[in-house]
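K.L.:
Be aware that the sequence shown starts at 29, since it is given in the numbering used here, and climbs by one per residue.
For every residue, glycine included, the Cβ atom is placed at its ideal position computed from N, Cα and C.
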Amino acid sequence: MTGLQTYRAKRSFGVTREPRGKLGKRGHAFVIQKHAATRLHYDLRLQLDGVMKSWAVTRGPSLVPGIKRLAVQVEDHPVAYNRFEGTIPKGEYGGGTVLVWDRGRWRPEGDPHKALRRGHLSFRLSGKKLHGGWHLVRMRKRPGEKRTNWLLIKQRDEAARTTHDRDILKEMPLSVKTGRTLEEVAQRMRKARRKKSSNKRRKKTAKKFRRKAGRAKRQ
Ligand code: MN
29 MTGLQTYRAK RSFGVTREPR GKLGKRGHAF VIQKHAATRL HYDLRLQLDG
79 VMKSWAVTRG PSLVPGIKRL AVQVEDHPVA YNRFEGTIPK GEYGGGTVLV
129 WDRGRWRPEG DPHKALRRGH LSFRLSGKKL HGGWHLVRMR KRPGEKRTNW
179 LLIKQRDEAA RTTHDRDILK EMPLSVKTGR TLEEVAQRMR KARRKKSSNK
229 RRKKTAKKFR RKAGRAKRQ
């Protein structure tokens, strides 16, 4: 899964406002997008070779090293996706509201290409919410399993927490981009759409009126 072919094939860009995107620059940006699709999940994306390597973390990251979170590998996303916050229309791929839950830089420990091939990537995050070391460990595929499942696990370091500490997902639920909740992001999208469609209606009426006026003049 390299390049953006799969990403583009899954989406209708006339309908969704997600970016079409192109191959980006090399760099080490990371983003985690909170995504209220059929089920709420958190999409972890790590920039590598001009794309965002992506995993859907079903229950979101945990700062407790003993807790392993299922991270289903999904198609590479364009780097421009990192700024995307909004609602993907119902019925479209990934339909639901997305907010930018965390972002910053990541740093692989060792060669990330080798690590991804081998199925164990250790890396450090330096975001607004998440810090310190993490592991992504690929699970063995069960017979008939189509998805590639990984586990996201916090390393034991100064940024780790215990089960007695607060859950970072509950403590910091808002967008780091706009400070909004998922509901607020969705509301704004609904308002923007209403405005757009009422503008369209207004323009249509004005056009009709101009046509009528034109006819009247000619008669
Ligand atoms: Mn998602």
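Counting C-beta neighbours from all protein chains within 10 Å, is the total for glycine 172 16 or more, i.e. buried, or is it exposed?
P.N.:
Reading the sequence shown from its first residue, position 144 is the one you call residue 172. So glycine 172 ends up on the exposed side.
K.L.:
Any idea what DSSP makes of arginine 87, helix, strand or coil?
P.N.:
As a position in the sequence shown, residue 87 is number 59, starting the count at 1. In the three-state reduction of the DSSP assignment, arginine 87 falls in the coil class.
K.L.:
Since arginine 184 sits in a beta bridge, which residues does DSSP pair it with?
P.N.:
Here residue 184 is taken as the residue at index 156 of the sequence shown, counted from 1. Bridge partners of arginine 184: none, in fact.
K.L.:
Within 10 angstroms of its Cβ, does aspartate 104 collect 16 or more other Cβ (buried), or is it exposed?
P.N.:
Position 76 of the sequence shown, counted from the start, is the residue given in the question as residue 104. So aspartate 104 counts as buried.
K.L.:
Can you give me the start and stop residues for the beta strand (DSSP E) that proline 136 sits inside?
P.N.:
Residue mapping note: residue 136 aligns to position 108 of the sequence shown, counting from 1. Here the beta strand (DSSP E) through proline 136 covers 124-136.
K.L.:
On the three-state DSSP scale, how would you describe lysine 62?
P.N.:
By 1-based counting over the sequence shown, the position of residue 62 is 34. Here lysine 62 sits in strand by DSSP.
K.L.:
By the 10 Å Cβ neighbour count, where 16 or more other Cβ atoms means buried, how is alanine 234 classified, buried or exposed?
P.N.:
Counting from 1 along the sequence shown, the entry for residue 234 is found at position 206. Exposed.
K.L.:
Out of curiosity, what's the CA-to-CA distance linking glutamate 120 and alanine 37?
P.N.:
Within the sequence shown, numbered from 1, the residue matching residue 120 stands at position 92. Within the sequence shown, numbered from 1, the residue matching residue 37 stands at position 9. Taking the straight line from one Cα to the other gives about 12 Å.
K.L.:
For methionine 217, collect the residues of the same chain with a Cβ closer than 6 Å to its Cβ; drop the 5 residues on either side in sequence, then sort them by chain order.
P.N.:
Counting from one through the sequence shown, the residue named residue 217 turns up at place 189. Taken in chain order, the residues that qualify are Gly114, Thr115.
K.L.:
Please enumerate, following chain order, all residues with a beta carbon closer than 6 Å to at least one heavy atom belonging to the ligand MN.
P.N.:
His63, Ala65, His69, Asp71, Ala84, Gly122
K.L.:
For the alpha helix (DSSP H) that isoleucine 116 lies in, which residues bound it at each end?
P.N.:
Translated into positions along the sequence shown, residue 116 becomes position 88. Note, isoleucine 116: premise wrong, no alpha helix (DSSP H); beta strand (DSSP E) at 114-116.
K.L.:
Between arginine 131 and proline 106, what straight-line distance do the alpha-carbon atoms span, to the nearest angstrom?
P.N.:
For the purposes of this step, residue 131 is taken as residue 103 along the sequence shown, with counting starting at 1. For the purposes of this step, residue 106 is taken as residue 78 along the sequence shown, with counting starting at 1. Rounded to the nearest angstrom, the gap between the Cα atoms of arginine 131 and proline 106 is 15 Å.
K.L.:
Please state the DSSP three-state secondary structure of phenylalanine 237.
P.N.:
For the purposes of this step, residue 237 is identified with residue 209 of the sequence shown, where counting begins at 1. Phenylalanine 237 falls in the helix class under three-state DSSP.
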